[in-house]
Amino acid sequence: MSSLEVQNSTPQSLLPAHIMTQDGASKDITNVAQLPMLNSESSPLLRLPGELRNIIYGYVLGGHTFGETWENKKPPQHFLASLLVCRQIYNEARMLVFELNT
Numbered sequence: 001m002s003s004l005e006v007q008n009s010t011p012q013s014l015l016p017a018h019i020m021t022q023d024g025a026s027k028d029i030t031n032v033a034q035l036p037m038l039n040s041e042s043s044p045l046l047r048l049p050g051e052l053r054n055i056i057y058g059y060v061l062g063g064h065t066f067g068e069t070w071e072n073k074k075p076p077q078h079f080l081a082s083l084l085v086c087r088q089i090y091n092e093a094r095m096l097v098f099e100l101n102t
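Be aware that the sequence shown starts at 1, since it is given in UniProt numbering, and climbs by one per residue.
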């Protein structure tokens, strides 16, 4: 019987990634750990204070009713897609879906 060796490693780069800076230049990302910092520097949304982001998340994610039947109505667009933009937005706004909707 052969033993299975498990390595606990963090990937340094999954794929070559690029991020657009405010001035429109493309910046290469060589380390995955750099992404959250670079996202918060380059994203106009993530540069806002958390209180303002929560208000924006409320407008985007709130006011929906679950459990309705859609026989005679068109179903709403998939408003949860905004949570898939980046990990930071997901972590900040994921619970608001449950708090702001019925």
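Glycine is no exception: its CB is placed at the ideal position from the N, C-alpha and C atoms.
- [ ] Count the other CB atoms, across all protein chains shown, that sit within 10 Å of the CB of Thr10; report buried if there are 16 or more and exposed otherwise.
- [x] Looking up residue 10 in the sequence shown gives position 10. The pLDDT assigned to Thr10 is 48, lower than 50, so where the model puts this residue is not dependable; a value taken from the coordinates is nonetheless given after this. The residue in question, Thr10, is exposed, as its Cβ has fewer than 16 Cβ neighbours within 10 Å.
Task: Neighbour-count burial assignment, Glu99, 16 or more Cβ in a 10 Å radius - done: On the sequence shown, position 99 is the one that residue 99 refers to. Exposed, by the Cβ-count rule.
Open item on the list: Check this for me: beta carbons of Ile89 and Leu83, under 8 Å apart or not?
Closed with: As a first step, residue 89 is located in the sequence shown; it is residue number 89 there, counting from the start. As a first step, residue 83 is located in the sequence shown; it is residue number 83 there, counting from the start. Taking 8 Å as the Cβ cut-off, Ile89 and Leu83 qualify as a contacting pair.
Task: Straight-line Cα distance separating Leu61 from Ala25 - done: Here residue 25 refers to the residue found at position 25 of the sequence shown. Here residue 61 refers to the residue found at position 61 of the sequence shown. Whole-angstrom Cα-Cα distance: 31 Å.
TODO: Identify which residue in Arg53, Arg47, Ala33 has its Cα closest to the Cα of Ala93.
DONE: Working through the sequence shown from its first residue, we reach residue 93 at position 93. It is Arg53.
Task: Ser43 (DSSP reduced to helix, strand or coil) - done: Looking up residue 43 in the sequence shown gives position 43. Note: Ser43 maps to coil in three-state DSSP.
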